[in-house]
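In the UniProt record's numbering, the protein residues as written are 1 to 727.
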């Protein structure tokens, strides 16, 4: 048995035979045109080889670098540059051969061989119209390629020299600025740094500290001597200086003696003369004059430039009475005091100098770092300047070494290429083979784009994915009438067993449902017309009637004409005019006994009707189905397709379950999947399962109304007259 894929592919070939045949004939026709083409003219191909080139003697680094870079830029775009092709075109024109640069580019093929972006070998070929043209063009292109590489290397070398010349002034200016900064720093901070480096700064700090210690010792000795002399004299150093100066002045000594003499005379004459006596008054005047002169002279001796107050005569006379021994001690006290003041001043100067030296020593590391930084800056600029100068000299010397990065290894040689004529039979055979493959591919692609389920396996896969049981796989049915109606009238019909199993499956599905009882009223639906819904309903009714069950088939598809003639039943025109009166039984009984099958009854459809939904929702239909449930063992409702309308769902309240009919070649996959999702979500109307018609792959329509399951014709039995039955 062929696999599902092969079966589907064969069906696709049969379905799309005309597009496939057109594809096959088109490819065969193209191959015939190709086979009848004349052989192409011979082609002339000139081919040569370029390899990398290097100077025989390289003394400069720049020349070697330029040479290596020149080899690294070799590419197809470089070798077929516009300027090169333009020059070759001009040279060809001068030689009497016209060819534009674009033609040269299109006819030239460049093949590069090498590793890591380094071309080792370049194979260049050119297609010409004749042998002379091919050889001449490729020879000129080889010369132009070698010259272009040399010119490029030289231009790169000149660009290097120009860049160095442009860079040199700025580098030289930076070097001079760094040197000037270092020189200025050495002038200001160099002595301090040198003093720190040779140890003189530390020596100065140490010497100053030693001198301060010596001065402190000397000051201690002087303080002891001064304190001893002060205790002996009872005078401070200033008082000792004043007393010593006054005692040593001869004028003060003379005035003191005159004052003493005058005071002596006054005391001698005081007992005998009155104070108003002229002699006494003269002596008093002389004494006052002497005292004034003594005070003025003391002021002159003591100093002060007249800013200090005049000392009293008693103080002057008291301070000017030092004897020679006390005067010597006073002079010694004054000398020691002056020496101590000198040492104290020297100690202060040494302390200030020590602080300055220490501060200078503490800032020495920063100064050294700053000088090192300036010196390093000078060294870096000097190194860069020297490097640029060396590069300039090297680049100038490299001009003599500059050569092309390419050289001709194999001169152009012309090869004549004449294609062997192809056998027309071979071309036609290949075309036929390709046509068969393309035709099969077209059928396969069109089948992939087709959303219709073409095989029973496709439908079963969708049902299995949705967990919907397959109640029966119905093959192509044989017919029992000359009209080709696929009805199983005869009790010995070979396919009747299939519907017997379908009836048993429905009873089992109803028992396993939530209700737990076999369904009495079944709604038979399909996704679209032509899937065999009516055929399945009629044959299932025949099978149930053959099993002894009183069975009623209700045609509820009011949008289509009735198929009751399949069972030998006809309906009057008055039923179509008044459908509600028909179902209410006011005109005649709507239920008719099928004349060819015992226990089978049929309620024909009064369709087509303009408003079928209103009829199906009417109370007459509801009462009719309720009476049918009570009177019959099994009621099968042939409902309209669900993809056209929702008429079938209007009958769901009167039904115990729903059976979905499908058929390969008619059922759309997407529509079936959407319909299953909708039905499975409807909890009020359980989906008992699905029937797959034409499961053996045949798909021959049997009726315009419901082209059910395909049929072959058998000789029918005698057809009894139709009659109705009234319950």
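Every residue gets a Cβ at the ideal spot worked out from N, C-alpha and C, and that includes glycine.
Remember, it's a predicted structure, so these values are computed and weren't measured experimentally.
Contact test: residue i Cβ vs the ligand SAH heavy atom, cutoff 7 angstroms
{"i": "residue 88", "result": "No copy of the ligand SAH occurs in the structure displayed, which carries no ligand at all."}
Cα-Cα separation, residue i to residue j
{"i": "residue 30", "j": "residue 140", "result": "42 angstroms"}
{"i": "residue 439", "j": "residue 20", "result": "4 angstroms"}
{"i": "residue 624", "j": "residue 642", "result": "22 angstroms"}
{"i": "residue 174", "j": "residue 191", "result": "26 angstroms"}
{"i": "residue 223", "j": "residue 292", "result": "38 angstroms"}
{"i": "residue 126", "j": "residue 10", "result": "52 angstroms"}
{"i": "residue 489", "j": "residue 571", "result": "21 angstroms"}
{"i": "residue 728", "j": "residue 404", "result": "Summary: the structure shown does not reach residue 728, with the chain confined to residues 1 through 727, and so no result is reported for it."}
{"i": "residue 458", "j": "residue 103", "result": "59 angstroms"}
{"i": "residue 664", "j": "residue 614", "result": "33 angstroms"}
{"i": "residue 606", "j": "residue 434", "result": "57 angstroms"}
{"i": "residue 178", "j": "residue 163", "result": "23 angstroms"}
{"i": "residue 246", "j": "residue 261", "result": "19 angstroms"}
{"i": "residue 389", "j": "residue 380", "result": "14 angstroms"}
{"i": "residue 524", "j": "residue 558", "result": "14 angstroms"}
{"i": "residue 810", "j": "residue 36", "result": "There is no way to answer for residue 810, as the model of the chain reaches only from 1 to 727."}
{"i": "residue 215", "j": "residue 243", "result": "29 angstroms"}
{"i": "residue 563", "j": "residue 604", "result": "8 angstroms"}
{"i": "residue 277", "j": "residue 252", "result": "29 angstroms"}
{"i": "residue 545", "j": "residue 17", "result": "44 angstroms"}
{"i": "residue 366", "j": "residue 328", "result": "58 angstroms"}
{"i": "residue 647", "j": "residue 626", "result": "18 angstroms"}
{"i": "residue 186", "j": "residue 241", "result": "54 angstroms"}
{"i": "residue 158", "j": "residue 413", "result": "36 angstroms"}
{"i": "residue 249", "j": "residue 208", "result": "43 angstroms"}
6 angstroms Cβ shell around residue i - same chain, five flanking residues per side excluded
{"i": "residue 259", "result": "290"}
{"i": "residue 689", "result": "469, 471 and 509"}
{"i": "residue 584", "result": "620"}
{"i": "residue 728", "result": "With the chain covering 1 to 727 only, the question about residue 728 has no answer from this structure."}
{"i": "residue 428", "result": "31 and 35"}
{"i": "residue 351", "result": "none"}
{"i": "residue 591", "result": "601 and 603"}
Residue i - DSSP class collapsed to helix/strand/coil
{"i": "residue 562", "result": "coil"}
{"i": "residue 592", "result": "strand"}
{"i": "residue 152", "result": "helix"}
{"i": "residue 602", "result": "strand"}
{"i": "residue 73", "result": "coil"}
{"i": "residue 476", "result": "coil"}
{"i": "residue 83", "result": "helix"}
{"i": "residue 61", "result": "helix"}
{"i": "residue 696", "result": "coil"}
{"i": "residue 6", "result": "helix"}
{"i": "residue 138", "result": "helix"}
{"i": "residue 410", "result": "strand"}
{"i": "residue 668", "result": "strand"}
{"i": "residue 19", "result": "helix"}
{"i": "residue 535", "result": "helix"}
{"i": "residue 334", "result": "helix"}
{"i": "residue 37", "result": "coil"}
DSSP bridge partner residues for residue i (one or two, in chain order)
{"i": "residue 121", "result": "51 and 113"}
{"i": "residue 126", "result": "46 and 108"}
{"i": "residue 657", "result": "522"}
{"i": "residue 553", "result": "602 and 636"}
{"i": "residue 689", "result": "659"}
{"i": "residue 615", "result": "Note: residue 615 sits in no beta bridge, so no partner."}
{"i": "residue 30", "result": "Residue 30 pairs with nothing; no bridge assigned."}
{"i": "residue 470", "result": "690"}
{"i": "residue 415", "result": "45"}
{"i": "residue 162", "result": "None, per the DSSP bridge assignment."}
{"i": "residue 452", "result": "668"}
Proximal residues to residue i (C-beta, below 7 angstroms), its chain only, five neighbours per side dropped
{"i": "residue 326", "result": "233"}
{"i": "residue 85", "result": "101, 104 and 105"}
{"i": "residue 531", "result": "661, 662, 663, 666, 667 and 693"}
{"i": "residue 538", "result": "487, 553, 566 and 567"}
Chain C contact for residue i (CB, 8 angstroms cutoff)
{"i": "residue 552", "result": "Judged by its chain identifiers, the structure shown contains no chain C, having just a single protein chain."}
Close beta carbons around residue i, own chain, < 8 angstroms, minus the five adjacent residues each side
{"i": "residue 676", "result": "462, 463, 466, 468, 660 and 687"}
{"i": "residue 617", "result": "650"}
{"i": "residue 770", "result": "With the chain represented from 1 up to 727, any question about residue 770 goes unanswered, as that position is not in the structure."}
Exercise. Should the region 458-477 be called in touch with the region 678-698, which here means at least 3 C-beta pairs below 8 angstroms?
Worked result: The region 458-477 vs the region 678-698: in contact.
Problem set entry | Stretch pair the region 547-558 + the region 631-651: three plus CB contacts closer than 8 angstroms | Touching, per the Cβ criterion.
Exercise. How about the region 339-353 and the region 143-159: do they share at least three Cβ pairs that are nearer than 8 angstroms?
Worked result: Between the region 339-353 and the region 143-159 there are fewer than three inter-stretch CB-CB distances shorter than 8 angstroms, so the stretches are not counted as touching.
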